[in-house]
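From first to last, the protein sequence lines are chains D and Y. Okay, so the first sequence: first residue is 0 according to numbering that gives the first Met the number 0, each after it adds one. Okay, so the second sequence: first residue is 0 according to numbering that gives the first Met the number 0, each after it adds one. We put the beta carbon where it would ideally sit given N, CA and C, even for glycine. Predicted model only: the values in this text are computed from it and were never measured. Notes follow the structure.
Number of protein chains: 2
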Amino acid sequence: MHDVAAHAGVSRGTVSRALNGTGYVSAEARARIEAAIAEVGYVRNNAARNLVMRKTWAIGFVVHEPHQLFLEDPNIGGILLGTNAVVAEADHQLVVLVVDSDDDAARVSSYLRGGFVDGAVLVSARSHDQVADAVEEIRLPAAFVGHPEGRPAIPYVGIDNRAAARTLTTRLRDTGRRRIGMLASALDRDSGADRLAGFRDALGPRFDEHLVVADPLYSYHAGVSTMTELLRRAPDVDGVFAASDAVAAGAIEALRSAGRTVPDDVGVVGFDDSAWALRCNPPLSTVHQPAAEMGRAAARLVLEQLEGRTPESVTLPTDVVWRDSA
Amino acid sequence: MHDVAAHAGVSRGTVSRALNGTGYVSAEARARIEAAIAEVGYVRNNAARNLVMRKTWAIGFVVHEPHQLFLEDPNIGGILLGTNAVVAEADHQLVVLVVDSDDDAARVSSYLRGGFVDGAVLVSARSHDQVADAVEEIRLPAAFVGHPEGRPAIPYVGIDNRAAARTLTTRLRDTGRRRIGMLASALDRDSGADRLAGFRDALGPRFDEHLVVADPLYSYHAGVSTMTELLRRAPDVDGVFAASDAVAAGAIEALRSAGRTVPDDVGVVGFDDSAWALRCNPPLSTVHQPAAEMGRAAARLVLEQLEGRTPESVTLPTDVVWRDSA
DNA sequence: TTGAAAGCGTTACCAG
DNA sequence: CTGGTAACGCTTTCAA
Numbered sequence: 000m001h002d003v004a005a006h007a008g009v010s011r012g013t014v015s016r017a018l019n020g021t022g023y024v025s026a027e028a029r030a031r032i033e034a035a036i037a038e039v040g041y042v043r044n045n046a047a048r049n050l051v052m053r054k055t056w057a058i059g060f061v062v063h064e065p066h067q068l069f070l071e072d073p074n075i076g077g078i079l080l081g082t083n084a085v086v087a088e089a090d091h092q093l094v095v096l097v098v099d100s101d102d103d104a105a106r107v108s109s110y111l112r113g114g115f116v117d118g119a120v121l122v123s124a125r126s127h128d129q130v131a132d133a134v135e136e137i138r139l140p141a142a143f144v145g146h147p148e149g150r151p152a153i154p155y156v157g158i159d160n161r162a163a164a165r166t167l168t169t170r171l172r173d174t175g176r177r178r179i180g181m182l183a184s185a186l187d188r189d190s191g192a193d194r195l196a197g198f199r200d201a202l203g204p205r206f207d208e209h210l211v212v213a214d215p216l217y218s219y220h221a222g223v224s225t226m227t228e229l230l231r232r233a234p235d236v237d238g239v240f241a242a243s244d245a246v247a248a249g250a251i252e253a254l255r256s257a258g259r260t261v262p263d264d265v266g267v268v269g270f271d272d273s274a275w276a277l278r279c280n281p282p283l284s285t286v287h288q289p290a291a292e293m294g295r296a297a298a299r300l301v302l303e304q305l306e307g308r309t310p311e312s313v314t315l316p317t318d319v320v321w322r323d324s325a
Numbered sequence: 000m001h002d003v004a005a006h007a008g009v010s011r012g013t014v015s016r017a018l019n020g021t022g023y024v025s026a027e028a029r030a031r032i033e034a035a036i037a038e039v040g041y042v043r044n045n046a047a048r049n050l051v052m053r054k055t056w057a058i059g060f061v062v063h064e065p066h067q068l069f070l071e072d073p074n075i076g077g078i079l080l081g082t083n084a085v086v087a088e089a090d091h092q093l094v095v096l097v098v099d100s101d102d103d104a105a106r107v108s109s110y111l112r113g114g115f116v117d118g119a120v121l122v123s124a125r126s127h128d129q130v131a132d133a134v135e136e137i138r139l140p141a142a143f144v145g146h147p148e149g150r151p152a153i154p155y156v157g158i159d160n161r162a163a164a165r166t167l168t169t170r171l172r173d174t175g176r177r178r179i180g181m182l183a184s185a186l187d188r189d190s191g192a193d194r195l196a197g198f199r200d201a202l203g204p205r206f207d208e209h210l211v212v213a214d215p216l217y218s219y220h221a222g223v224s225t226m227t228e229l230l231r232r233a234p235d236v237d238g239v240f241a242a243s244d245a246v247a248a249g250a251i252e253a254l255r256s257a258g259r260t261v262p263d264d265v266g267v268v269g270f271d272d273s274a275w276a277l278r279c280n281p282p283l284s285t286v287h288q289p290a291a292e293m294g295r296a297a298a299r300l301v302l303e304q305l306e307g308r309t310p311e312s313v314t315l316p317t318d319v320v321w322r323d324s325a
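Here it is in structure tokens:
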């Protein structure tokens with residue numbers, strides 16, 4: 000920059016102002032500076048710039064469990080693209096950080112603490128999590144995609160689980176299913192409780208507590224066991240709302256074992272539109288997550304904090320995709 | 000750091016040496032410094048550190064065409080994980096840069112030029128590419144995953160296309176196929192030419208040039224048109240080596256239109272083990288790319304350049320996965 | 001084994 | 001509108 004200033008016959012201060020478009024610079028000086036920059040082949044040193052500005056112009060995008068997510072979850076890519084679009088628009092750079100082991104968690108945490116980024120989007124973090132701890136402790140502007148419990152300080156982007164569950168269940172009912180059960184999961188979490196609430200909403204007076212079987216986990220195995228139990232309680236069940244696609248996949252397996260066909264004997268719906276949904280036979284009717292929009296919303300949440308505001312969490316509507324399982 | 004030094008009763012220089020484990024620091028001083036760090040809650044300012052060290056301890060991972068890759072390609076996740084593992088091991092941080100538009104390409108290029116990273120892994124870059132231009136121009140230590148033409152200055156991690164094609168074709172022959180054709184693609188590129196060479200190797204004297212139909216592109220549509228042409232030339236064809244899974248998918252469609260069944264009438268094999276492979280009906284026999292190992296190798300290539308060496312490009316062996324299409 | 005001091009390349013304030 | 005100057009927080013000689 001010193002050289003540029005010399006070539007242009009101005010001072011470093013003027014070059015800096017010209018570069019940043021801040022303060023006054025005469026058109027003539029600006030022209031000479033631009034010529035000098037080209038001539039000298041100048042590129043600005045960002046370490047120095049970051050040092051004095053106390054900003055890095057970078058936003059972290061932290062992904063946990065990448066084995067699962069990067070390789071299988073079709074939502075993660077959309078979230079990433081959405082976040083990237085908004086962050087780029089704001090002239091920041093998105094830095095994707097992969098947490099693939101405990102070592103990685105430690106490394107990423109210290110990376111965040113190290114001031115390498117001005118903010119962070121946290122995807123699918125668990126509540127008790129080294130990375131989230133670091134974010135909270137250093138008060139790094141951040142947002143979750145998803146809604147971990149017990150992190151009131153960090154806003155999140157969630158989806159309207161209750162409305163989606165309601166839509167799904169209503170359709171199940173409207174397509175002639177008479178005995179509709181639910182395989183609930185994670186009732187101690189918002190997502191699980193809301194999905195049950197939506198199910199209940201849709202059935203109204205016809206809701207029968209007896210037809211809800213719960214399990215703590217959103218897993219394939221949970222689906223197998225809860226479906227088995229549901230069949231025991233109500234052999235004439237003809238519709239099932241599973242709290243996630245994985246649960247639905249397990250349920251379909253259990254139904255097959257019990258000699259029922261899907262969707263003829265029993266209609267099954269899932270939740271998430273994850274990789275399970277298309278892998279199932281028949282493919283699942285399920286709730287599609289607006290991945291890109293979730294990513295964009297999370298990015299906006301972080302950017303707003305960078306501007307000094309304290310935005311509220313966001314809840315996004317979802318689409319239901321009807322495939323063959325119901 | 001000033002405060003730490005004061006609390007510990009030493010100078011800043013000593014604190015710095017203690018922190019970096021460089022130079023001499025007495026055990027006593029080190030203990031006092033550590034206590035002071037905890038007391039003050041010190042975390043080092045990396046912008047300042049990077050400024051003086053002229054290093055960022057970050058490696059870029061540049062992904063092009065993410066719509067395609069992030070959402071569909073099962074290899075990209077594995078490559079990312081492999082690269083991350085090696086880079087993390089070397090105490091660097093992987094920074095994933097997504098190129099999703101021309102604007103992104105410009106932004107990522109200037110990010111690389113801006114000295115935010117010490118090196119970069121380039122995934123699936125096209126040869127004529129703004130990002131690769133930038134990398135070459137500023138001589139950033141880098142490595143390609145894949146083998147773009149015309150970038151001799153940048154080493155790459157490729158796979159042994161010829162050997163894989165040989166294996167695939169041999170197996171096709173050994174399972175009783177008598178009239179084996181090839182749907183070749185991109186013969187002007189290494190990958191395309193090598194796959195044809197391997198095909199030729201395997202058939203030896205039985206190779207019949209007449210049964211090779213070529214197209215410039217590795218695409219589904221290329222598969223449809225070349226398969227149609229192959230059927231015209233040799234209606235009795237009973238084995239087909241398609242140069243990619245997408246081509247194979249197109250070929251299967253063309254065969255179906257022509258009333259042939261796969262694999263009974265005609266055995267089909269693809270290449271890449273991409274998302275097409277499992278989506279096809281029947282699922283494709285194809286060549287699986289060692290994604291994680293490719294990522295690791297690319298990371299090593301970059302790290303070695305950081306140490307001042309000039310490593311050679313790497314060619315990795317592949318596995319053939321036999322599914323139902325042949 | 002330690003301390004002092006000289007940068008590293010910017011930005012930002014303050015006179016002019 | 002512009003130039004000078006003081007930080008920004010660290011590493012790294014060089015003496016002691």
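Straight-line Cα distance separating residue j from residue i
i, j, result
"T169/Y", "R322/D", "41 Å"
"P282/Y", "H127/Y", "34 Å"
"D235/Y", "A119/Y", "49 Å"
"L121/Y", "E252/Y", "34 Å"
"D237/D", "S324/D", "12 Å"
"I36/Y", "A201/D", "58 Å"
"F198/D", "E64/D", "30 Å"
"A291/Y", "A290/D", "26 Å"
"V42/D", "L195/D", "57 Å"
"H31/Y", "D2/Y", "The residue you asked about is not His; residue 31/Y is Arg in the sequence shown. Computed Cα separation, rounded: 13 Å."
"E38/Y", "N45/D", "31 Å"
"T55/Y", "D90/Y", "11 Å"
"V341/D", "P215/D", "With chain D covering 0 to 325 only, the question about residue 341/D has no answer from this structure."
"R165/Y", "Q129/Y", "35 Å"
Under the three-state DSSP convention, the category residue i falls into
i, result
"G81/D", "helix"
"V24/D", "coil"
"V212/D", "strand"
"S324/D", "coil"
"M181/D", "strand"
"D264/D", "coil"
"G238/Y", "strand"
"T317/D", "coil"
"F198/D", "helix"
"P310/Y", "coil"
"E148/D", "coil"
"G175/D", "coil"
"M0/Y", "coil"
"L337/Y", "There is simply no residue 337/Y to check, as chain Y begins at 0 and stops at 325 in what is shown."
"P289/D", "coil"
"D193/Y", "helix"
"E64/D", "coil"
"N45/Y", "helix"
"R231/Y", "helix"
"Y217/D", "coil"
"R53/D", "coil"
Burial state of residue i, where buried means 16 or more other Cβ atoms lie within 10 Å
i, result
"P151/D", "exposed"
"T21/D", "exposed"
"A241/D", "buried"
"D117/D", "buried"
"G266/D", "buried"
"Y155/D", "buried"
DSSP bridge partner residues for residue i (one or two, in chain order)
i, result
"Y378/D", "Nothing can be reported for residue 378/D: it is not among the residues displayed for chain D, which extend from 0 to 325."
"S284/Y", "V268/Y"
"G59/D", "V94/D and A119/D"
beta-carbon residue i near the ligand FAD non-hydrogen atom, thresh 8 Å
i, result
"N19/Y", "Absence of the ligand FAD from the depicted structure is noted, as is the absence of any ligand whatsoever, leaving it without description."
*In chain order, each beta strand (DSSP E) run of at least 3 residues that lies wholly inside the stretch 95 to 141 of chain D*: Listed in chain order, they are 118 to 122.
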